[in-house]
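Structure, as structure tokens:
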Amino acid sequence: MSLFNVYPLNPIAITKAAGSRVWDDKGQEYLDMYGGHAVISIGHTHPHWVKRIEDQLHAMAFYSNSVIMPIQEQLATAINEVSGKKDFQLFLCNSGAEANENALKLASFHTGRKKIIAFKKSFHGRTSLAVAATDNPSIVAPVNETDNIIFLPLNDITALQNCFATQGKEIAAVIIEGIQGVAGIYEASIPFLQAIRKCCDEAGVVYIADSVQCGYGRTGQFFSHDIAGVNADIYSMAKGMGNGFPIGAILIAPHIQAKFGLLGTTFGGNPLACAAALAVIEVIQKENLMALAAEKGSYLIDALKNIAGVKTVRGRGLMIGFEMEDGLEDLRKVLLNDCKVFTGEAKPNVIRLLPSLAITMEDIQLFLNRLNAAIQQLKQTHS
Ligand SMILES: Cc1ncc(COP(=O)(O)O)c(C=O)c1O
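Numbering of the sequence shown is given in the numbering used here, commencing with residue 797 and proceeding in unit increments.
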């Protein structure tokens, strides 16, 4: 039996992790500037997170959503508090795609409409509606193709307004990442997010803030969309939410009403996942990680802008993308293989940094040193 071969793998087996470091099966240490794709929010194997999951495991690992689950209510209260969305309701699921799938479906139930506005280069996941709202035809199966999704250019207020003027009464939802991640770190502008809120209010449309990658404190605010000073109707969350324990959720405005059977899941909201997610929020609050993400992110962005060979730098907090000058296309490979640093990528040539929010200044400096060394090494090879 072999694995279904869908991932282009680095030939490295990670067997140990702590904070912003990981080790392979031969004992080689790596600096993790990728956070397992924005998942590691409070640091690998954070002791409080490990203990919370361990305690829950000993008490009760699973029961179905047919009984009262006090830990789910605790998590809802904690998210209300840390996000500032005081009277929003929480629906728990297992992943980012599932969160967006439920958000889109809920918007359609709520409005009785079918059309969804999404944006060019967006990524919302691989389940049926989420993938249809993702601007990448190569991952949309024929069965997922639909005329119900309208793709508009990001940050084009006129295109948005024109679409609402002609089709406003057919639209169920607008879904937007606060900062597009998979696309290569492109921010939705403040006026654009405000225009979405206004158009949605006028036409009775649900504004869905996909916060799966850019949320959970990564940019210095709990939801990166909050920079615009307007609320969304639904926030989807996943990645950083469990620090590696699988969990996703949507946070739903009070005017959207629940009804028995409207949404549901077997594993969503299981006690182990809730314990992991509560631990993450407790650590974010205790260690002041949102403010630190903003501060360290600004430092890192400024430092990157001053490195010879770096062409453009985008992002906010610890969600950063940068492009290199010509001739440095192999930088990511050199960083991993020679300098022992994990980074993320976005095609064709963006390096993405999505480290733990708890990364230390020493590790940021170490990364900058190794980045400089990798650039020098590549320049020497080409000279
Ligand atoms: C913005 C965004 N939404 C949704 C998803 C899908 O999340 P998952 O892989 O947990 O289904 C991702 C994953 O990269 C994402 O970046």
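Beta carbons: idealized from backbone N, C-alpha and C, even for Gly.
7 Å CB neighbourhood of Val1137 in its chain, flanking five on each side removed: Tyr826, Leu827, Met829, Leu1131, Phe1163, Arg1166
State the start and end residues of the unbroken alpha helix (DSSP H) segment that holds Phe905. 892-907
Kindly give me the distance between the Cβ atoms of Ser816 and Ser1152, rounded to whole angstroms, as I take these residues to be in contact under 8 Å. 5 Å
Could you have a look at Phe915 and say whether DSSP puts it in helix, strand or coil? strand
Collapsed DSSP secondary structure at Gln976 in the structure displayed: strand
Quick check: the region 1039-1053 against the region 891-903, are at least 3 beta-carbon pairs closer than 8 Å? yes
Any contact between the region 1048-1065 and the region 913-929? By contact I mean 3 or more CB pairs, one from each, below 8 Å. no
Do you know offhand how far Tyr1003's Cα is from Leu1088's? 29 Å
Using a Cβ-Cβ cutoff of less than 6 Å, which residues in the same chain neighbour Cys1070 once the five nearest sequence positions on both sides are dropped? Excluding residues within five positions, the ones whose Cβ falls inside 6 Å are Ile867, Gln868, Leu871.
For Ala899, I'd like the list of residues in its chain whose CB is within less than 6 Å of its CB, leaving aside the five on either flank, ordered along the chain. Ile1004, Ile1030, Ser1032, Ile1046
So, are the CB atoms of Phe1018 and Val846 less than 9 Å apart? no
Is the beta carbon of Tyr1012 closer than 9 Å to that of Arg1110? no
Between Thr942 and Glu1091, what straight-line distance do the alpha-carbon atoms span, to the nearest angstrom? 43 Å
Return the chain-ordered list of same chain residues with a C-beta closer than 7 Å to the C-beta of Ala895, the five sequence neighbours on each side being excluded. Cys889, Val1008, Ser1032, Met1033, Ala1034, Gly1044, Ala1045, Ile1046
When DSSP labels each residue in this structure, what does Lys1055 get in the three-state scheme? coil
Residue list, Cβ distance to ligand 1 heavy atoms smaller than 6 Å: Ser891, Gly892, Ala893, Asn896, Phe919, His920, Gly921, Glu973, Gly977, Val978, Asp1006, Val1008, Gln1009, Ala1034
Once DSSP output is grouped into helix, strand and coil, what is the label at Ile1046? Assignment of Ile1046 by DSSP, reduced to helix, strand and coil, places it in the strand class.
Based on the DSSP output, what are the partners of Asp820 in its beta bridges? Ile810
At which residues does the alpha helix (DSSP H) containing Arg993 begin and terminate? First-last of the alpha helix (DSSP H) with Arg993: 986-999.
Following the continuous alpha helix (DSSP H) through Lys1129, name the residue where it begins and the one where it ends. 1127-1133
Would you tell me roughly how many angstroms separate the C-alpha atoms of Ile972 and Asp1006, rounded to the nearest one? The straight-line gap from Cα to Cα measures roughly 6 Å.
Express the C-alpha separation of Gly1038 and Ser904 in angstroms, rounding to a whole number. 28 Å
Simplified DSSP assignment, three categories, for Glu869: Glu869: helix per DSSP, three-state reduction.
What is the DSSP secondary structure of Ala926, counted as helix, strand or coil? Ala926: helix per DSSP, three-state reduction.
Do the region 1102-1118 and the region 1138-1147 make contact, defined as three or more Cβ pairs closer than 8 Å? yes
What ranges does the alpha helix (DSSP H) occupy inside the region 1064-1131, keeping only unbroken runs of at least 4 residues that lie completely in it? You should have 1067-1082, 1085-1101.
What are the start and end residues of the alpha helix (DSSP H) that includes Phe960? Where Phe960 is concerned, the enclosing alpha helix (DSSP H) stretches over 953-963.
The alpha helix (DSSP H) enclosing Val846, as first and last residue numbers: 843-855
Should Val835 be labelled buried (16 or more other beta-carbon atoms within 10 Å of its own) or exposed? Burial is judged here by how many other beta carbons sit within 10 angstroms of a residue's own beta carbon; Val835 has at least 16 and is buried.
Name, in chain order, the residues that DSSP records as bridge partners for Ile875. DSSP output for Ile875 lists no bridge partner at all.
Measure the C-alpha to C-alpha separation of Gly1123 and Ala984 and round it to an integer number of angstroms. 30 Å
Return the residue from the list Met1120, Leu948, Glu850 that minimises the CA-CA distance to Leu1174. Met1120
According to DSSP, simplified to helix, strand and coil, what is Phe1138? strand
What three-state label does DSSP hand Ile864 in the structure shown? coil
For Asp1134, count neighbouring Cβ atoms within 10 angstroms of its own Cβ and tell me buried if that reaches 16, exposed if not. Answer is exposed; the Cβ neighbour count stays below 16.
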